[in-house]
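Only one structure is covered here, and it is reproduced in the block below.
Protein chains in written order, with this note's numbering: chain A, 944 to 1177; chain B, 79 to 391.
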């Protein structure tokens, strides 16, 4: 059958590539595709899930990821170029962001005393996220591992690239944007302890970078209280 | 030799447990079960606990074969949980502590689950999925504290399952009436979806922290399907799953005693003035655990550090 052939074509192709890592939901490879340095993200079937649920989730996430990346790129927000999508094997072929380091590693390697460096990074992050939310793109999985820093250009602003849009969706609701920031806050503070002031800079930058930010920050404050003060019993 | 007695009654289970240097000497428990279709309310639950706590206490002492004089510390659940039941049990703990002239220790309920889980299974540094009627959190130990990497904001998984069962007939009467599906189908779908969520979030935390161990604690952790799903995920990653049975998954006194044992040996006590209970987790700006005590415990990321602490304690 044609579909089977397609299946094996992609799989065969991938087997010749270098496996970078097996993340929580996908295997990531790198190699050459149509003469370009490419990262291939393969969402493989998860055996612990019911097959119907698995297919539904996997397909939805693949489609959403691509859609959100395109929407960001159209608005001038840095995200990898999408070269090819195979919907039978749920494999996305993306531009490899060469010479980059995750924001997570960047922060880890930056001395705690180098506050200026950390705060300018936070400022840039706030700006980019404000722009993304202005496009009504909810990333859904904001962590410092999902932001890349391209090796700084001379005298230029920090070149931040957003990746991993697998849990993303489109929404204009301040609630959803607030939760998006809340997820980042939790991930940020638990991965990089004692960086509360850095995150505050991020939020301040977010606030001034977007006209629609006020209701979002208000929702963020509300969401923060929800998990904390309210007991989930009864 | 250190013996700690622990009192737990934050939800509908009232348990008194006694622990001596890692051995559970006794762990009796009673559960307040309401008629089908009804949830349990705080005042009724507190009434139930008040009625039987002293018999459970007597049972615990008898089964352990010890006298109050042998006890080194009285631990009780400080929170989180339901207000009235927490207070009812705290009063008993405070009273016996004063009667027996023993130091008091307020313990965080979630930490109780984690410490017992670690004790029973021997997991060294696991990513913990704590899922019960009242709590749903993914927790990892990092930089001298238990940290919450993810949690349900509005409702715990156990509570969600119970409530769904209660409202399903009204809420889905159109679908059920039209024969599109049965109540069993709806329950199955909810459970599969919720559990897939839990496994996925746990896996993400593991990938984020580079962890190769998973520990499931809390009442919902007794569920075999959840354990099965988690096991499959662990196998695919080359990680190990640790799960306990209903003696320790479900709220019990010994888990409070065990967490109390750890705290007591690190030099903590709770004064009478500070022995108040709290429904909600601790101060919102601090991690959702008892920060002071946790920061005193040596990091246990290396097994040797962990065993060294136990020897010198």
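Ideal Cβ positions, reconstructed from N, Cα and C, are used throughout, including at glycine.
All figures in this text were calculated on a predicted structure; none of them were measured in a lab.
Practice problem: Tell me the start and end of each unbroken alpha helix (DSSP H) in the segment 1016-1068 of chain A that is at least 4 residues and wholly inside, in chain order. | Solution: 1046-1052
Quiz item: Based on the DSSP secondary-structure assignment, which residues constitute the bridge partners of residue 192/B?
Solution: Translated into positions along the second chain, residue 192/B becomes position 114. The partner list for residue 192/B (beta bridge, DSSP) is empty, contrary to what the question assumes.
Quiz item: Is any beta-carbon of chain E found at less than 9 Å from that of residue 1129/A?
Solution: Judged by its chain identifiers, the structure shown contains no chain E, and its protein chains are A and B.
Quiz item: Beta-carbon of residue 968/A versus every beta-carbon of chain B: anything under 9 Å?
Solution: What you label residue 968/A is simply residue 25 of the first chain in a count that begins at 1. It does; some Cβ of chain B falls within 9 Å.
Self-check item: Bounding residues of the alpha helix (DSSP H) (the contiguous stretch that carries residue 203/B)
Solution: Here residue 203/B is taken as the residue at index 125 of the second chain, counted from 1. Careful: residue 203/B lies outside any alpha helix (DSSP H) and carries neither H nor E.
Exercise. Note down the Cα distance separating residue 961/A from residue 1052/A, rounded to an integer number of angstroms.
Key: As a first step, residue 961/A is located in the first chain; it is residue number 18 there, counting from the start. As a first step, residue 1052/A is located in the first chain; it is residue number 109 there, counting from the start. One C-alpha to the other measures close to 26 Å.
Exercise. Tell me whether residue 1129/A sits in a helix, a strand or coil according to DSSP, three-state version.
Key: Reading the first chain from its first residue, position 186 is the one you call residue 1129/A. Here residue 1129/A sits in helix by DSSP.
Quiz item: Between the Cα of residue 79/B and the Cα atoms of 151/B, 173/B, 85/B, 205/B, which residue gives the shortest distance?
Solution: To locate residue 79/B, count along the second chain from 1; it is residue 1. Minimum Cα distance to residue 79/B is reached at 151/B.
Practice problem: Put residue 1102/A into one of helix, strand or coil per three-state DSSP. | Solution: Locating residue 1102/A in the first chain gives position 159, where the first residue counts as 1. It is a strand residue.
Quiz item: Would you report the Cα separation of residue 978/A and residue 1092/A, rounded to the nearest angstrom?
Solution: Residue mapping note: residue 978/A aligns to position 35 of the first chain, counting from 1. Residue mapping note: residue 1092/A aligns to position 149 of the first chain, counting from 1. Using only the alpha carbons, I get a separation of about 24 Å.
Quiz item: Hey, residue 344/B and residue 187/B: beta-carbon distance below 9 Å or not?
Solution: As a position in the second chain, residue 344/B is number 266, starting the count at 1. As a position in the second chain, residue 187/B is number 109, starting the count at 1. No. Outside cutoff.
Quiz item: How is residue 1009/A classed by DSSP in three states: helix, strand or coil?
Solution: Taking the first residue of the first chain as position 1, residue 1009/A is located at position 66. In this structure, residue 1009/A counts as helix in the three-state DSSP scheme.
Exercise. State whether the segment 1145-1153 of chain A contacts the segment 1065-1078 of chain A, with contact taken as three or more CB pairs (one from each stretch) at a distance under 8 Å.
Key: yes
Practice problem: Could you tell me if residue 984/A is buried or exposed, where buried requires 16 or more neighbouring beta carbons within 10 angstroms of its beta carbon? | Solution: Within the first chain, numbered from 1, the residue matching residue 984/A stands at position 41. Buried: at least 16 other Cβ atoms inside 10 Å.
Self-check item: CB contact flag (residue 1126/A, residue 1085/A, <9 Å)
Solution: Sequence index remark: in the first chain, residue 1126/A carries index 183 (1-based). Sequence index remark: in the first chain, residue 1085/A carries index 142 (1-based). Yes, the Cβ-Cβ distance between residue 1126/A and residue 1085/A is below 9 Å.
Quiz prompt | Whether residue 106/B touches residue 95/B by CB criterion (9 Å) | solution = As a working note, residue 106/B is residue 28 in the second chain. As a working note, residue 95/B is residue 17 in the second chain. Yes. Within cutoff.
Practice problem: Decide if the segment 1157-1169 of chain A is in contact with the segment 297-311 of chain B; the criterion is three or more beta carbon pairs, one per stretch, under 8 Å apart. | Solution: no
Quiz item: Taking C-beta to C-beta, are residue 211/B and residue 320/B nearer than 9 Å?
Solution: Locating residue 211/B in the second chain gives position 133, counting from the first residue. Locating residue 320/B in the second chain gives position 242, counting from the first residue. No, Cβ-Cβ distance for residue 211/B and residue 320/B is not below 9 Å.
Quiz item: From the beta carbon of residue 231/B, is the nearest beta carbon of chain A less than 9 Å away?
Solution: Indexing the second chain from 1 puts residue 231/B at position 153. Residue 231/B counts as touching chain A.
Self-check item: residue 245/B, buried or exposed, once every other Cβ within 10 Å from all chains shown has been counted against 16
Solution: The sequence position of residue 245/B within the second chain is 167, counting from 1. Exposed, by the Cβ-count rule.
Quiz item: Using 9 Å as the limit for Cβ to Cβ distance, is residue 1141/A near chain B?
Solution: On the first chain, position 198 is the one that residue 1141/A refers to. Chain B, which has no Cβ nearer than 9 Å to the Cβ of residue 1141/A, makes this no.
Practice problem: Specify whether the segment 966-975 of chain A and the segment 249-264 of chain B touch according to this definition: at least 3 beta carbon pairs, one from each stretch, less than 8 Å apart. | Solution: no
Quiz item: DSSP three-state call for residue 259/B: helix, strand or coil?
Solution: Counting from 1 along the second chain, the entry for residue 259/B is found at position 181. Three-state DSSP puts residue 259/B in coil, outside helix and strand.
Quiz item: How would you list, in chain order, the residues of chain B whose beta-carbon sits under 8 Å from the beta-carbon of residue 1166/A?
Solution: Here residue 1166/A refers to the residue found at position 223 of the first chain. Per Cβ cutoff of 8 Å: 231.
Practice problem: Figure out for me which residue from 1138/A, 1113/A, 1018/A has the closest Cα to the Cα of residue 1057/A. | Solution: Taking the first residue of the first chain as position 1, residue 1057/A is located at position 114. Checking every option, the nearest Cα to that of residue 1057/A belongs to 1138/A.
Quiz item: Would residue 223/B be called buried (16 or more neighbouring beta carbons within 10 Å of its own) or exposed?
Solution: The residue you call residue 223/B lines up with position 145 of the second chain. Buried: at least 16 other Cβ atoms inside 10 Å.
Practice problem: Identify, in the order they occur along the chain, each residue of the same chain with its Cβ nearer than 8 Å to the Cβ of residue 300/B, setting aside the five sequence neighbours on each side. | Solution: Numbered from 1 along the second chain, position 222 holds the residue referred to as residue 300/B. Excluding positions up to five away in sequence, the list reads 323, 324, 327, 328.
Practice problem: Indicate whether at least one CB of chain A lies closer than 9 Å to the CB of residue 317/B. | Solution: In the second chain, residue 317/B corresponds to position 239, counting from 1. No - not a single Cβ of chain A is within 9 Å of the one on residue 317/B.
Quiz item: Can you tell me the Cα-Cα spacing of residue 1163/A and residue 207/B, whole angstroms?
Solution: In the first chain, counting from the first residue as 1, residue 1163/A sits at position 220. In the second chain, counting from the first residue as 1, residue 207/B sits at position 129. Between residue 1163/A and residue 207/B, the C-alpha separation is close to 25 Å.
Exercise. Examine chain A for any beta-carbon lying closer than 9 Å to the beta-carbon of residue 199/B, and answer yes or no.
Key: The sequence position of residue 199/B within the second chain is 121, counting from 1. Taking Cβ atoms only, chain A never reaches closer than 9 Å to residue 199/B, which makes this a no.
Quiz item: If we cut at 9 Å on Cβ distances, does residue 169/B have a partner in chain A?
Solution: On the second chain, residue 169/B is found 91 positions in, with the first residue counted as 1. It does not: the Cβ of residue 169/B has no partner Cβ on chain A nearer than 9 Å.
Quiz item: Counting only beta-carbon atoms, is residue 369/B nearer than 9 Å to chain A?
Solution: The residue you call residue 369/B lines up with position 291 of the second chain. For residue 369/B, the pLDDT reaches just 29, beneath the cut-off of 50, and the residue's location in the model is therefore unreliable, leaving the point undetermined.
Quiz item: Under three-state DSSP, which class holds residue 79/B?
Solution: For the purposes of this step, residue 79/B is identified with residue 1 of the second chain, where counting begins at 1. Reduced to three states, the DSSP call for residue 79/B is coil.
Quiz item: On the three-state DSSP scale, how would you describe residue 991/A?
Solution: Numbered from 1 along the first chain, position 48 holds the residue referred to as residue 991/A. In the structure shown, residue 991/A sits in coil (DSSP, three-state: anything other than H, G, I, E or B).
Self-check item: Alpha-carbon spacing of residue 360/B relative to residue 312/B, whole angstroms
Solution: Residue mapping note: residue 360/B aligns to position 282 of the second chain, counting from 1. Residue mapping note: residue 312/B aligns to position 234 of the second chain, counting from 1. Low per-residue confidence applies at residue 360/B: pLDDT is 48, beneath 50, and the placement is therefore not dependable, though the value from the model is reported in the following sentence. One C-alpha to the other measures close to 32 Å.
Self-check item: Check whether residue 122/B and residue 331/B have beta carbons under 9 Å apart
Solution: Residue numbering aside, residue 122/B sits at position 44 when the second chain is read from its first letter. Residue numbering aside, residue 331/B sits at position 253 when the second chain is read from its first letter. No, the Cβ-Cβ distance between residue 122/B and residue 331/B is not below 9 Å.
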